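Chains A and B supply the protein sequences, listed in that same order.
Under our numbering, the first residue of the first sequence carries the number 62, and numbering increases by one thereafter.
Under our numbering, the first residue of the second sequence carries the number 7, and numbering increases by one thereafter.
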Amino acid sequence: MKLTRRKLATVLVSATALAAQPPQSAPAPAPDSDLQTARGRQQANAAALSRVPIPMATEPAFQFKA
Amino acid sequence: MASIGTDTFFASLSELNASLKAREFSAEDLARAVSQRLQQLGPRYNALALPLHQEALRQAKEVDKELKRERYRGPLQGIPYGVKDLLAFAGQPTTWGAKPYAGQVFDYNATVIEKLSAVGAVLAGKLSMVELAGGGGYRLPSASLTGPGLNPWDRTRWSGGSSSGSAAAVAAGLVPFAIGSETSGSIVTPASFCGITALRPTYGLVSRHGAMALSWTLDKLGPFAHSAEDCGLILHEIAGGDSKDPGSAGKSFYYTPQYARPMKDLRVGYAPADFAEWAEPSTRAAFDAALAVLKASGMQLMETKLPDFPYGAALSTILAGEMGSIFEPLISSGKVDELADKAQIAGLKASLELPAKDYLKAMRLRRVMQKEVGRIFASVDVLIAPGRAGIASKIDQPLDRGAGGTPPKDPGFRAIIPMGNLAGLPALVLPCGFAENMPVALQVVGVPFAENTLLAIGREFQSHTDWHKRRPPAA
Numbered sequence: 062m063k064l065t066r067r068k069l070a071t072v073l074v075s076a077t078a079l080a081a082q083p084p085q086s087a088p089a090p091a092p093d094s095d096l097q098t099a100r101g102r103q104q105a106n107a108a109a110l111s112r113v114p115i116p117m118a119t120e121p122a123f124q125f126k127a
Numbered sequence: 007m008a009s010i011g012t013d014t015f016f017a018s019l020s021e022l023n024a025s026l027k028a029r030e031f032s033a034e035d036l037a038r039a040v041s042q043r044l045q046q047l048g049p050r051y052n053a054l055a056l057p058l059h060q061e062a063l064r065q066a067k068e069v070d071k072e073l074k075r076e077r078y079r080g081p082l083q084g085i086p087y088g089v090k091d092l093l094a095f096a097g098q099p100t101t102w103g104a105k106p107y108a109g110q111v112f113d114y115n116a117t118v119i120e121k122l123s124a125v126g127a128v129l130a131g132k133l134s135m136v137e138l139a140g141g142g143g144y145r146l147p148s149a150s151l152t153g154p155g156l157n158p159w160d161r162t163r164w165s166g167g168s169s170s171g172s173a174a175a176v177a178a179g180l181v182p183f184a185i186g187s188e189t190s191g192s193i194v195t196p197a198s199f200c201g202i203t204a205l206r207p208t209y210g211l212v213s214r215h216g217a218m219a220l221s222w223t224l225d226k227l228g229p230f231a232h233s234a235e236d237c238g239l240i241l242h243e244i245a246g247g248d249s250k251d252p253g254s255a256g257k258s259f260y261y262t263p264q265y266a267r268p269m270k271d272l273r274v275g276y277a278p279a280d281f282a283e284w285a286e287p288s289t290r291a292a293f294d295a296a297l298a299v300l301k302a303s304g305m306q307l308m309e310t311k312l313p314d315f316p317y318g319a320a321l322s323t324i325l326a327g328e329m330g331s332i333f334e335p336l337i338s339s340g341k342v343d344e345l346a347d348k349a350q351i352a353g354l355k356a357s358l359e360l361p362a363k364d365y366l367k368a369m370r371l372r373r374v375m376q377k378e379v380g381r382i383f384a385s386v387d388v389l390i391a392p393g394r395a396g397i398a399s400k401i402d403q404p405l406d407r408g409a410g411g412t413p414p415k416d417p418g419f420r421a422i423i424p425m426g427n428l429a430g431l432p433a434l435v436l437p438c439g440f441a442e443n444m445p446v447a448l449q450v451v452g453v454p455f456a457e458n459t460l461l462a463i464g465r466e467f468q469s470h471t472d473w474h475k476r477r478p479p480a481a
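Here you go:
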């Protein structure tokens, strides 16, 4: 079989792309329900905070002093 | 060796100090007796993390030499005490209540320990705690290297957290006083459940150098003791500026109850719904009686509302942001999985995913909250609420179990713990009665650095009641 430069380039690019793919991993584990709950809690907190309007000029309470 | 009876283990700091000065017993006698009691009974409540018997005897012998020379260092001289196991004590394990840190040893002392040592107090042991002070959000009281904190009033119930051992040890008369910490509720809750007096100081008043960091902008250290008077004496010694603590307010505290305002001049804000609706039915009679005592003292009780803000969401978000950064090495290394509580592990892992915008939103909102909360104190001097709405839960009961039923419409001061911590406000816990044979308590919250006012109210309340003198059945 005569291999043209173009065909050779195509083969090499395909091989490189294949090598760059991550190896076949095991099936993803079942989601950690505790982690999902914790994430959900964080998202709920964010939602609660987003409902409160804050003046644009308000800076974070860094250098926190009582 | 002088005989030391059970009454001594529940004596006030002033009484103990007077006995030492009068040579009724030596500091070594007292340290030996307290150490033995702590080692014997501490495990009964899962309250003891590390006995320091030899160190205590060594310190006590030094105190005795000073007393012999009539060199007096103040009311804590010769008094044994315990610290929550998140405070560094050089050369000894500091576990933070967590398996991944079981072998951790520091080569320096926490500032609080240094300060107490300087006035002659004798460190008798380190006390158990919820792992990592519970920052990840734990589901069960068993979330600790030393097992669930057992309540001296009923060992089938929880001692509260995260300063579990500090509260249980004082309640059971194992140490005359203890040091604990609060990020959000870790002093107020165990003190309320165990029926002892405790003080959450203003943010920045007590140095946290040498203490485990959970949240730089929320953490505070404070005393657990048998009375408001004792808490005042302890705070007097442990407060003060410290260049080693970036959050230090640089202020001292002088316990001066004699200069407190007359009780009749004090305006006390409260929410009737807290006592009539949110409080568990079995506790209401105790709370009603406590409010009556305050009224009889001349204080003006005024119905008050907290500004409407998502305090709990803001606190949890700030805590997650700071905790995630602090414990990133633990979480990323996978050693976080060695913790005892799955919910805590998950909370720590999730904290690494918190968007920066959420943390910053919470910190900006915190500033707005602080300003609005400050306005309340234009019309009242202090706020009062139940320490907890109910008695200590059963040891096997999940902590995320809801109360059930329809919650009252009026939120009252339900958010007083996150609100008070977000604003850095001091709080005093006062035992105020019993329900189902378990203690219940009030919390009194004031403006920053108003500890003397809170302590004056505590002294007044405790001069008319004896709840703070009650002892658990087996003690």
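For glycine and all other residues, C-beta sits at the position ideal for the given N, C-alpha and C.
All values derive from a computational prediction rather than experimental measurement.
Proximal residues of chain A, C-beta to C-beta of residue i below 8 Å
| i | result |
| --- | --- |
| residue 449(B) | Ordered by position in chain A, no residue passes the 8 Å Cβ test against residue 449(B), which lies about 17 Å from the chain. |
| residue 369(B) | 121, 122 and 123 |
| residue 359(B) | 100 and 103 |
| residue 366(B) | 121 |
| residue 376(B) | 122 |
| residue 143(B) | 99 and 102 |
Alpha carbon of residue i to alpha carbon of residue j, nearest angstrom
| i | j | result |
| --- | --- | --- |
| residue 261(B) | residue 188(B) | 21 Å |
| residue 464(B) | residue 213(B) | 24 Å |
| residue 165(B) | residue 72(B) | 37 Å |
| residue 359(B) | residue 192(B) | 25 Å |
| residue 85(A) | residue 93(A) | Only weak support is given to the placement of residue 85(A): the predicted model assigns it a pLDDT of 47, under 50, and the value that follows is read from those uncertain coordinates. C-alpha separation (whole angstroms): 22 Å. |
| residue 136(B) | residue 75(B) | 42 Å |
| residue 473(B) | residue 116(A) | 47 Å |
| residue 448(B) | residue 298(B) | 13 Å |
| residue 10(B) | residue 155(B) | 27 Å |
| residue 52(B) | residue 402(B) | 15 Å |
| residue 104(A) | residue 144(B) | 18 Å |
Test item: CB-CB of residue i and residue j under 8 Å
| i | j | result |
| --- | --- | --- |
| residue 432(B) | residue 239(B) | no |
| residue 290(B) | residue 277(B) | no |
| residue 450(B) | residue 460(B) | yes |
| residue 139(B) | residue 215(B) | no |
| residue 200(B) | residue 292(B) | no |
| residue 308(B) | residue 275(B) | yes |
| residue 195(B) | residue 232(B) | no |
| residue 280(B) | residue 182(B) | no |
| residue 470(B) | residue 303(B) | yes |
| residue 375(B) | residue 315(B) | yes |
| residue 387(B) | residue 300(B) | no |
| residue 345(B) | residue 351(B) | yes |
| residue 149(B) | residue 96(A) | no |
| residue 320(B) | residue 366(B) | no |
Sequence-distant residues of its chain with Cβ nearer than 8 Å to residue i (five each side left out)
| i | result |
| --- | --- |
| residue 129(B) | 58, 61, 62, 65, 86, 87, 88, 89, 95, 119, 122 and 123 |
| residue 207(B) | 226, 227, 228, 241, 245, 259, 432 and 457 |
| residue 1(B) | For chain B, the structure presents residues 7 to 481; residue 1(B) sits outside this window and is missing. |
| residue 109(A) | none |
Close Cβ partners of residue i (< 7 Å) along its chain, the five nearest in sequence each way excluded
| i | result |
| --- | --- |
| residue 47(B) | 178 and 180 |
| residue 444(B) | 159, 160, 163, 397 and 398 |
| residue 25(B) | 31 |
Spatial neighbours of residue i in its chain, beta-carbon cut-off 6 Å, leaving aside the 5 residues before and after
| i | result |
| --- | --- |
| residue 322(B) | none |
| residue 45(B) | 57 |
| residue 172(B) | 90, 133, 184, 186 and 230 |
| residue 176(B) | 184, 202 and 230 |
| residue 79(B) | 125 and 126 |
| residue 81(A) | Any answer about residue 81(A) is weak, because its pLDDT of 45 lies below 50 and its placement is not dependable; what the coordinates show is given next. Within the same chain, residue 81(A) has no close Cβ partners at all. |
| residue 168(B) | 135, 136, 139, 140 and 192 |
Neighbour list for residue i in chain A, Cβ cutoff strictly below 7 Å
| i | result |
| --- | --- |
| residue 372(B) | 122 |
| residue 208(B) | 127 |
| residue 246(B) | Going along chain A, no residue has its Cβ under 7 Å from residue 246(B), so there is no contact; the nearest lies around 15 Å. |
| residue 413(B) | Ordered by position in chain A, no residue passes the 7 Å Cβ test against residue 413(B), which lies about 16 Å from the chain. |
| residue 353(B) | 99 |
Extent of the continuous alpha helix (DSSP H) run through residue i
| i | result |
| --- | --- |
| residue 367(B) | 362-382 |
| residue 170(B) | 170-177 |
Under 9 Å by beta carbon: chain A residues contacting residue i
| i | result |
| --- | --- |
| residue 545(B) | Only positions 7 to 481 of chain B appear in the structure, and residue 545(B) is not among them; the question remains open. |
| residue 322(B) | 102, 103 and 106 |
| residue 396(B) | Residues of chain A passing the Cβ test: none, with the nearest at roughly 22 Å. |
| residue 454(B) | 126 and 127 |
First and last residue of the uninterrupted beta strand (DSSP E) at residue i
| i | result |
| --- | --- |
| residue 14(B) | Where residue 14(B) is concerned, there is no enclosing beta strand (DSSP E), although the alpha helix (DSSP H) it sits in stretches over 12-15. |
| residue 235(B) | Careful: residue 235(B) lies outside any beta strand (DSSP E), inside the alpha helix (DSSP H) at 234-244. |
| residue 309(B) | 306-309 |
| residue 160(B) | 160-164 |
| residue 109(A) | Note, residue 109(A): premise wrong, no beta strand (DSSP E); alpha helix (DSSP H) at 94-111. |
| residue 185(B) | 183-188 |
| residue 440(B) | 433-441 |
| residue 390(B) | 388-392 |
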